[in-house]
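With the working numbering applied, the sequence shown closes on residue 427, and no number is skipped along the way.
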Amino acid sequence: MKMVPLHVSSCAQSAHFHSLAQAIDAQQVIQTAVAIQQIPAPTFEEQRRAEHVRDRFIAAGLRDVGVDALHNAVGRWPGADPARPALLVSAHTDTVFPATTDLTVREESGRLYGPGLGDNSLGVAALIALAELFAMHDIHPPADIWFAANSREEGLGNLDGIRAIWNALGARLGAAIVIEGMALGRVYHAGIAVRRLRVICRAPGGHSWLHFGQPSAVHGLIDLGARIMALTPPREPRTTFNIGLIHGGHSVNSLACEADLYLDLRSEDPACLQAFERTVRECIDAAAQAPMLTFTTTVVGDRPAGHMDHAHPLAQMAGAVLDLAGIPAVYERGSTDANALLASGLPTVTVGVSRGAHSHRQDEYIETPPVAPGLWQLALLVLSAAEWDFQGGPSCE
Ligand SMILES: [Zn+2]
Numbered sequence: 031m032k033m034v035p036l037h038v039s040s041c042a043q044s045a046h047f048h049s050l051a052q053a054i055d056a057q058q059v060i061q062t063a064v065a066i067q068q069i070p071a072p073t074f075e076e077q078r079r080a081e082h083v084r085d086r087f088i089a090a091g092l093r094d095v096g097v098d099a100l101h102n103a104v105g106r107w108p109g110a111d112p113a114r115p116a117l118l119v120s121a122h123t124d125t126v127f128p129a130t131t132d133l134t135v136r137e138e139s140g141r142l143y144g145p146g147l148g149d150n151s152l153g154v155a156a157l158i159a160l161a162e163l164f165a166m167h168d169i170h171p172p173a174d175i176w177f178a179a180n181s182r183e184e185g186l187g188n189l190d191g192i193r194a195i196w197n198a199l200g201a202r203l204g205a206a207i208v209i210e211g212m213a214l215g216r217v218y219h220a221g222i223a224v225r226r227l228r229v230i231c232r233a234p235g236g237h238s239w240l241h242f243g244q245p246s247a248v249h250g251l252i253d254l255g256a257r258i259m260a261l262t263p264p265r266e267p268r269t270t271f272n273i274g275l276i277h278g279g280h281s282v283n284s285l286a287c288e289a290d291l292y293l294d295l296r297s298e299d300p301a302c303l304q305a306f307e308r309t310v311r312e313c314i315d316a317a318a319q320a321p322m323l324t325f326t327t328t329v330v331g332d333r334p335a336g337h338m339d340h341a342h343p344l345a346q347m348a349g350a351v352l353d354l355a356g357i358p359a360v361y362e363r364g365s366t367d368a369n370a371l372l373a374s375g376l377p378t379v380t381v382g383v384s385r386g387a388h389s390h391r392q393d394e395y396i397e398t399p400p401v402a403p404g405l406w407q408l409a410l411l412v413l414s415a416a417e418w419d420f421q422g423g424p425s426c427e
């Protein structure tokens, strides 16, 4: 099917895109990214970032700008054809870093280091820049564009931010583009299924010397951890586990009354994930055979897999745009806000702004040179998607 690359190249040659592309200021977007990164935004505490984005949306001239109860900041750029399903462009604002994290940014040989800078302050900065570019040049493609800086993508947010946006706007949407700061060159068109369990172990407790040999919640939890670590999940389809958090006990010379762990399970295939979760639950049942120990398991995260064929026009569009930018496209599965949208049946791709590494670590960095081509391909993708009729085909002349 040649239609999509033709559509993209005709959009790239349009006067609209020329004015957009000429106004792209990568340096300014990087500065915005740093300004956003300096506002702490652990999952559930995105309010200040949301307010910052809201103010930028208002200043840009977006319509229907607001922040909802979950700290999602949204705004609408009106399209020319009210009947056309809208395009959603989103970037998550939350980070995995606690509010007390040192957010100092430093530059070193084309790399900008700072916790949360690539994931996802750069994505949010690109989102703001896109809204400003469309407004500054008064470009109204057929479809409305909803710009959304959403909460709760990371950790235990469970994609509740983007789900709330879907609940509010879903009926009006025809497609979505999710921006992740460091994903340049990747086109995520399918989700990885994720389940997260919290397991609490409880015991009566006691004195480390006087009651030695009696059950301890920490010992019980370690026993469970060892059982889980002995499991070998399937390589194909790729299935993984991680015990990411563990807490417990109250003093070094006491038998622990309570201990808990958080377990993250992922798979390319939802059926494999279900089967692997059953195996994990058998481990929990086996550990619970110990006398006077109780285990309680709760599901604290459930991300659906969702899937869009990589031949879908939106996925092809993302690839064609990268092609024009001279960046090789890699089609992949991911775990992003797109999971929830894809699972709801909305054609969605996740794409990047730049390259980078060490996400979720203190030494996270982005490369600054790719930001300019990254913004270029993003602007072209948004324009091409807003010009495309996802029910009927291309509308560009
Ligand atoms: Zn992210």
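Yeah, the Cβ is synthetic: ideal placement off N, Cα and C, and Gly gets one too.
Since this is a predicted model, take the numbers as computed values, not measurements.
At least 3 beta-carbon pairs within less than 8 Å: the stretch 381-398 vs the stretch 208-215 = Here the stretch 381-398 lies against the stretch 208-215, with 3 or more beta-carbon pairs under 8 Å apart.
May I ask you to verify whether the stretch 217-228 touches the stretch 122-130, counting CB pairs closer than 8 Å and requiring at least 3?
-> Three or more beta-carbon pairs separated by less than 8 Å are not found between the stretch 217-228 and the stretch 122-130, which leaves the two stretches without contact.
Within this structure, are the beta carbons of Gly243 and Cys231 separated by less than 8 Å?
-> By one-based count along the sequence shown, residue 243 stands at place 213. By one-based count along the sequence shown, residue 231 stands at place 201. Taking 8 Å as the Cβ cut-off, Gly243 and Cys231 do not qualify as a contacting pair.
Comparing the CB of Gly180 with every heavy atom of ligand 1, is any distance shorter than 7 Å?
-> The residue given as residue 180 occupies position 150 in the sequence shown. It should be pointed out that residue 180 corresponds to Asn in this sequence rather than to Gly. Relative to ligand 1, even the nearest heavy atom lies 7 Å or more away from the CB of Asn180.
Gly185: which of Val208, Ala205, Gln67, His390 sits nearest, CA to CA?
-> Here residue 185 corresponds to residue number 155 of the sequence shown, with the count starting at 1. That would be His390, whose Cα lies nearest to the Cα of Gly185.
Which same chain residues, not among the five before or five after Ala409, have their C-beta less than 8 Å away from its C-beta?
-> The residue you call residue 409 lines up with position 379 of the sequence shown. Cβ within range, chain order: Phe47, Leu50, Ala51, Ile54, Leu160, Leu163.
To the nearest angstrom, report how far apart His23 and Val310 are at their CA atoms.
-> Outside the displayed range of the chain (31 to 427) lies residue 23, so it cannot be described from this structure.
Taking all protein chains shown into account, decide if Gly145 is buried (16 or more other Cβ within 10 angstroms of its Cβ) or exposed.
-> Position 115 of the sequence shown holds residue 145. Residue 145 is actually Pro in this sequence, not Gly. Classification of Pro145: buried, given that the 10 Å Cβ count is 16 or more.
What's the call for His82, buried or exposed, on a 16-neighbour Cβ count within 10 Å?
-> The residue given as residue 82 occupies position 52 in the sequence shown. Flag for His82 reads buried.
When the Cβ atoms of the stretch 33-42 are set against those of the stretch 131-148, are three or more pairs found closer than 8 Å?
-> Remark: fewer than three beta-carbon pairs, one from each stretch, lie closer than 8 Å, so the stretch 33-42 and the stretch 131-148 are not flagged as touching.
Looking at the unbroken beta strand (DSSP E) that takes in Ala409, where does it start and where does it end?
-> The sequence position of residue 409 within the sequence shown is 379, counting from 1. Ala409 -> not in any beta strand (DSSP E); alpha helix (DSSP H) instead, spanning 401-417.
Tell me whether Ile396 sits in a helix, a strand or coil according to DSSP, three-state version.
-> As a position in the sequence shown, residue 396 is number 366, starting the count at 1. Collapsing the DSSP output to three states places Ile396 in a strand.
Have a look at Asp294 and Ala110 and give me their C-alpha separation to the nearest angstrom.
-> Position 264 of the sequence shown, counted from the start, is the residue given in the question as residue 294. Position 80 of the sequence shown, counted from the start, is the residue given in the question as residue 110. Computed Cα separation, rounded: 44 Å.
Answer yes if the stretch 318-329 comes into contact with the stretch 224-239, meaning at least three C-beta pairs across the two stretches below 8 Å, and no otherwise.
-> Yes, they touch.
May I have all residues whose beta carbon comes closer than 6 Å to any heavy atom of ligand 1, sorted in chain order?
-> Those satisfying the condition are, in chain order, His122, Asp149, Asn150, Glu183, Glu210.
Return the chain-ordered list of same chain residues with a C-beta closer than 8 Å to the C-beta of Ser181, the five sequence neighbours on each side being excluded.
-> The residue given as residue 181 occupies position 151 in the sequence shown. Thr73, Phe74, Glu76, Ala80, Leu100, His101, Asn102, His122, Thr123, Asp124, Gly187, Asp190, Gly191, listed in sequence order.
With Ile207 and Leu411 assumed to form a contact (beta carbons below 8 Å), what rounded beta-carbon distance in angstroms separates them?
-> As a first step, residue 207 must be located in the sequence shown, where it is residue number 177. As a first step, residue 411 must be located in the sequence shown, where it is residue number 381. Contact between Ile207 and Leu411 holds, since their C-beta atoms are separated by about 6 Å, short of 8 Å.
Go through the stretch 105-190 residue by residue and report every complete run of the beta strand (DSSP E) that reaches 3 residues or more, in order.
-> Here the runs fully enclosed are 116-122, 136-138, 141-143, 175-180.
For Leu376, which three-state DSSP category applies?
-> Locating residue 376 in the sequence shown gives position 346, counting from the first residue. Secondary structure of Leu376 (DSSP, three-state): coil.
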